Each structure stands twice: as C-alpha cells, then as structure tokens.
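This report concerns only the one structure given below.
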C-alpha cells in the first residue's frame with residue numbers, strides 16, 4: 003500500500019434495511035478501476051460504515067476486492083465503538099483482500115488520548131495490513147494531539163494519517179508542523195475536498211477525496227496538476243469544482259454524492275436513514291453543477 007496521490011471514497015449503496023446492493027456497488031467501483039488512482043477508500047464516512055453490520059461490511063469488501071483486483075489498492079474503514087470489534091473488522095478486511103485499513107476514533111463516551119493510543123495500537127496488531135489514522139473531529143468529536151500522533155507513528159504498521167483541513171492557520175503551516183515531528187516516511191494526507199488542491203500543492207502525500215469516488219477523472223486531473231507543482235492548472239480545475247464544493251458545504255458531501263449517484267444511474271439507493279435524500283430543488287442545483295464537469 004502506497005499512501006500517495008488520490009484516494010477515492012465511494013458510497014456503499016444499500017437497501018433500506020442495510021443490505022449492500024452489490025450490483026450498484028460494482029457499478030460505482032468499476033469507474034475506479036484505474037491504475038492512476040492511488041487507492042480506493044471503502045467504508046469511510048462516505049461509505050456509511052457506521053450504518054452497516056459486520057457481515058455487510060465484509061460483503062462489501064469482498065465485492066470491492068473482486069472488482070478492483072490488482073489494478074488499484076484497497077483501503078477499508080474498520081471503525082467501531084469497541085476495540086475488539088475494530089480488531090475483528092481489520093481481520094475481516096485482510097481476509098477479504100484489502101491492502102490497508104483506515105481507523106477513525108469512534109466513541110460514545112469521549113476518549114482520552116491514552117485510550118485512543120491503546121485502541122489504535124490494538125487494531126494495528128490485529129492484522130498484517132498497514133493502518134491509516136482517520137482524524138475526523140467534526141464527526142467523531144475526538145481531537146488528536148500532536149503528541150498522540152507522534153506516539154502512534156512509532157507503532158508498527160501505523161503508516162499514515164488522514165487529516166482534516168485546519169480550523170486555523172494555513173495548510174502549509176499545518177503540514178509543516180506535522181512534518182517536523184513525524185518520521186520522514188509517515189504519509190500525511192488531507193480530506194475536505196474544497197481545500198485539498200492547496201494541501202497537495204503544499205506537499206501533502208494524499209488527497210482523501212469524496213468527489214474522487216464518483217467523478218474520478220476530474221479529481222485525477224486536479225491531483226496530477228497539484229502534485230506536479232502546476233499551481234495554475236490545479237487552481238483552475240479547483241475553480242471548476244467550486245459549485246460542487248459550495249453544495250458540499252451547504253448540505254454535506256454525503257447527501258450530495260448520493261444525489262449525484264442517482265443522477266448518473268449508478269444506484270437508486272438513498273442514504274441510510276435517518277439521513278434523508280435532498281429535495282428536488284437542491285438536486286437540480288447538483289445536476290447543474292455536475293453537468294459541465296462531464297464534458
């Protein structure tokens with residue numbers, strides 16, 4: 003597993019009672035079967051991992067491994083409330099054909115830094131797969147101290163981190179702060195699609211991308227330009243995506259990409275309840291923002 007470039011995060015289409023629609027998942031994944039993609043991030047937040055049972059999650063991983071084969075690396079989210087459950091999910095992912103695991107700090111009772119360290123260390127030993135830390139405070143309400151990231155970077159098989167866009171300061175300064183304290187081979191990437199052109203231009207290893215999971219072509223063009231240092235082209239493409247970024251911010255990227263997947267004929271599934279599909283007017287706005295990107 004090489005934690006670089008574009009990591010595309012697709013939805014996991016499922017029925018109302020939480021059964022993965024494998025035919026729709028295959029359609030979603032087939033457009034991601036490309037060697038220029040860094041990885042596919044299955045069962046992340048966009049993949050609604052928290053709404054699926056262990057059996058359905060394993061079924062999704064098996065489908066993805068079959069569709070993607072050796073063409074692109076497969077990273078699988080293994081977040082769970084209990085440490086033993088997350089360890090079991092990591093073993094499931096490895097047995098089903100994943101190349102890496104992604105672990106968010108899911109909790110009900112807020113975790114301490116030491117509790118998170120013990121949790122991540124246990125999951126890292128549950129399989130032979132490399133592990134990427136998923137730092138997602140807007141959803142998990144857990145914040146990783148830099149000292150905790152430093153400790154975790156020393157744990158065998160913990161190899162990367164998926165960071166949120168910084169709440170304060172620039173991406174360049176945030177990345178420099180992390181780089182100064184972490185091993186040189188520890189991969190640092192960012193999520194929050196509207197800021198990731200700047201993250202890549204600043205030298206981040208990876209763009210963990212929602213839009214990459216449904217419109218991989220334009221996301222790959224932006225990634226290639228930014229990683230080549232072509233700031234003008236990267237920012238030009240980012241500007242093309244600005245109407246979608248505005249919709250992501252207004253409605254949440256998950257709701258928007260489900261509407262996009264319907265409009266593209268990839269699935270007729272809605273997001274898992276209690277998340278509701280977007281109204282017709284918003285869907286028309288999404289279609290208008292998406293149509294120019296398909297030209």
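In the working numbering, the protein residues as written are 3 to 297. C-beta: ideal position from N, C-alpha, C; glycine also. Model, not experiment: these values are computed from the prediction.
Residues sharing a beta bridge with residue i, DSSP
i	result
residue 163	135 and 190
residue 211	10
residue 226	For residue 226, which the question treats as bridged, DSSP gives no partner whatsoever.
residue 150	Paired residue(s): none; residue 150 is not in a bridge.
residue 274	According to DSSP, residue 274 bridges with nothing at all.
residue 104	79 and 134
Minimum C-alpha distance to residue i - residue among the options
i	options	result
residue 43	160, 122, 105 and 258	105
residue 269	276, 261 and 275	261
residue 196	244, 159, 234 and 153	244
residue 162	176, 140, 168 and 186	186
residue 22	110, 86, 55 and 34	55
residue 288	267, 129, 275 and 248	248
residue 49	81, 71 and 39	81
residue 35	256, 167, 90 and 73	73
residue 18	37, 276, 291 and 295	276
residue 285	264, 242 and 150	264
residue 111	102, 143, 209 and 93	143
residue 246	219, 225 and 213	213
residue 175	201, 33, 16 and 113	201
residue 160	188, 57 and 65	188
residue 255	242, 203, 194 and 230	194
Under the three-state DSSP convention, the category residue i falls into
i	result
residue 45	coil
residue 16	strand
residue 22	strand
residue 37	coil
residue 110	coil
residue 126	helix
residue 183	coil
residue 28	helix
residue 142	helix
residue 218	helix
residue 267	coil
residue 174	helix
residue 290	helix
residue 115	helix
residue 169	coil
residue 281	coil
residue 197	helix
residue 95	helix
residue 206	coil
CA-to-CA distance, residue j to residue i, given in whole angstroms
i	j	result
residue 153	residue 6	22 Å
residue 158	residue 236	35 Å
residue 28	residue 137	28 Å
residue 205	residue 86	36 Å
residue 279	residue 272	6 Å
residue 164	residue 134	7 Å
residue 232	residue 221	15 Å
residue 20	residue 234	44 Å
residue 274	residue 51	10 Å
residue 120	residue 98	25 Å
residue 84	residue 238	44 Å
residue 177	residue 167	10 Å
residue 281	residue 257	10 Å
residue 63	residue 108	20 Å
residue 308	residue 294	The chain is shown only over 3 to 297; residue 308 falls outside these bounds and no answer can be derived.
residue 148	residue 182	11 Å
residue 190	residue 25	34 Å
residue 216	residue 13	8 Å
residue 39	residue 9	7 Å
residue 46	residue 78	7 Å
residue 155	residue 228	26 Å
residue 4	residue 75	8 Å
residue 250	residue 266	17 Å
residue 226	residue 141	29 Å
residue 211	residue 67	19 Å
residue 132	residue 41	13 Å
Near the ligand ZN: residue i beta-carbon under 8 Å from a heavy atom
i	result
residue 116	Although the ligand ZN was asked about, the structure shown includes no ligands whatsoever.
Problem - Completely contained alpha helix (DSSP H) runs for the stretch 49–90, where each covers 4 or more residues - result: 56–70
Exercise for the section: May I have a chain-ordered list of the alpha helix (DSSP H) segments no shorter than 4 residues that lie completely inside the stretch 227–261? Expected result: Here the runs fully enclosed are 233–242 and 244–253.
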